Each structure stands twice: as C-alpha cells, then as structure tokens.
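First the structure, in the form of structure tokens, and then the observations on it.
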Amino acid sequence: MEQKQKFIATPVTSHEGDRKPFIRLATVFVAGIAVGALGTLAWSGAHQQPAIGLPNVSSTSSGSADTNGNGSTNTIGTSAAPPAASSATTSVATYSSSTASSGAVSVGNQPAGNTVLVQSVTVPPPGVWIAVRETDGSNLGNVLGAARVHGPLSNVTVDLLRSTEPGKTYVVELYRPSTSGFSVNDSVYVDFTSGQPVIAPFHTTATTTAATPKNP
8 MEQKQKFIAT
18 PVTSHEGDRK
28 PFIRLATVFV
38 AGIAVGALGT
48 LAWSGAHQQP
58 AIGLPNVSST
68 SSGSADTNGN
78 GSTNTIGTSA
88 APPAASSATT
98 SVATYSSSTA
108 SSGAVSVGNQ
118 PAGNTVLVQS
128 VTVPPPGVWI
138 AVRETDGSNL
148 GNVLGAARVH
158 GPLSNVTVDL
168 LRSTEPGKTY
178 VVELYRPSTS
188 GFSVNDSVYV
198 DFTSGQPVIA
208 PFHTTATTTA
218 ATPKNP
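In our numbering, the protein residues as written are 8 to 223.
See the structure below:
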C-alpha cells in the first residue's frame, strides 16, 4: 500500500496590511506639519511691520527769550553779533515807499537807546522777524537786534545788542521765520501787495532826560 506524505499547510502572515494605517498616519502628520509651517510664514509675512525711516533732524540755535508785557517775544541768539549785512548794495530809498503801500509795519521817529518801539505789524501767522538795521548813507547796514512775532501785533519792543545813536537813520525790516532764526540774505519777507521787501525807515532823536527842578 502506497504511503502518501502529508504536508501541513502553514499560513503565511503578511504584515503589509498592518503597515498601511501607520503609513497613512505618518503621511497625515507630515502634511499637517507642512501646512502649519506655511500658515505660520503667511501670518508672519502679513503682520510684519514696515520699515520706518528716521526723520531728518535739523539743529536749531539756542537763545535767550524775553516775553514783554505787550505779548511779543524778543529772541537774541547765542552768536556774539547779529548777522552782518549783505555785500550787495541795498538802497533805503528804493523800499521806503513799499511800507506806505502795504502797511505791513509801522514805526515812528523815537529817542535813541537800547530798544526800538515798532508801532504795529500786520503780517498774518506764522508771523515774521522784525529786525532793526543801521544805514550807511542810502545803503542798509548791520542788524542791531530782532524780535519774533507770530501774527498781527501792536507796540512791539525790539531789544538791541548795540544801542542806536541820536540823529541817525535806521530801518525796520521784516524777515520770514525759520527754526534757526533768519538769514539777512535769504529770508527777506516780501509783501504780497507790493511784491517788495518791507522796510520802514525812522530817525532817532536825542535821549530825553527829565528836567531837574530848581530850588525856590
């Protein structure tokens, strides 16, 4: 009798099916990290602060200010002397008529001294610098002092670095304001009506002194 050999079938176990859930989980995890990173970059880019440039800072000259009872502020810079006159020849007679036509400034004859009284200034805000200048014949000379006003004002007292002298002619001239004062050459105020610089001449008289009463 022929004897047959029996083979016992051994089941083959495949782990490929067990790996599929793990692979899917890893794929989802990596994809989530990528999406999160992209979202973070997009958010930070949208909320990034723009570059802000530094402002231009201009230096200003310091000075001592004196506020008078009439509301004007006299400012004298730290320089030893007011700005010198321009080398160009400027005639007092050329501009004396512009004052009457514009009425921007009014000044009368007055005693010599260390101040000049300007009767009125009618320039609108931001105002002007009122400068007192010497004259040399018919030409303008050095600036003796200046006062800053911020609009129309009456009875403005201008303090001088050097006193006026009796029997001489001086002028009041207006200049445009700036953060550092004004320039005699570049800041001349031009009246809108006349189109000319505003210059008003005046004469100084002898300083008045009180008479000493005589004993009876």
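Note that the Cβ used here is the ideal one computed from N, Cα and C, for glycine as well. Small disclaimer: the values here were computed from a predicted structure and weren't measured.
Item, Value
"Among the residues of its own chain, which have a CB less than 6 Å from the CB of N121, if the five just before and after it don't count?", "L167 and S170"
"Measuring CB to CB, does P159 end up less than 8 Å from V128?", "yes"
"Are P133 and H157 close, meaning C-beta to C-beta below 8 Å?", "yes"
"E141 lies in the beta strand (DSSP E); which residues open and close that run?", "V135 to D143"
"At 3 residues or longer, what runs of the beta strand (DSSP E) sit wholly inside the segment 106-133?", "112-114 and 122-128"
"Evaluate P131 with the Cβ neighbour count: other Cβ atoms within 10 Å of its Cβ, from every protein chain shown; 16 or more gives buried, anything less gives exposed.", "exposed"
"Assign I40 to buried or exposed, taking buried as 16 or more other Cβ atoms, counted over all protein chains shown, within 10 Å of its Cβ.", "exposed"
"Going by DSSP, what residue range makes up the beta strand (DSSP E) through Y177?", "T176 to Y182"
"If I measure Cβ to Cβ from F189 and keep anything under 6 Å in the same chain, skipping five residues before and after, which residues do I get?", "W136 and Y182"
"For T171, does the three-state DSSP call read helix, strand or coil?", "coil"
"Specify, as a first and last residue, the run of the beta strand (DSSP E) that N149 falls within.", "N146 to V156"
"For V123, I'd like the list of residues in its chain whose CB is within less than 6 Å of its CB, leaving aside the five on either flank, ordered along the chain.", "V139 and V165"
"Anyone know if the C-beta pair for T211 and E172 falls short of 8 Å?", "yes"
"V178 and L225 - do their beta-carbons sit closer together than 8 Å?", "The structure shown does not extend to residue 225, since the chain is modelled only from 8 to 223, so the question has no answer here."
"In three-state terms, what does DSSP make of V164?", "Reading off the sequence, residue 164 comes out as Thr, not Val. Strand."
"Taking the Cβ atom as the reference point for each residue, do V205 and A111 lie within a distance shorter than 8 Å?", "yes"
"Per DSSP, S185 forms a beta bridge with which residues?", "G188"
"If you run the structure through DSSP and keep just helix, strand and coil, what is T212?", "strand"
"Can you give me the Cβ contacts of V197 inside the same chain, cut-off strictly under 7 Å, excluding the 5 residues immediately before and after it?", "Q203 and P204"
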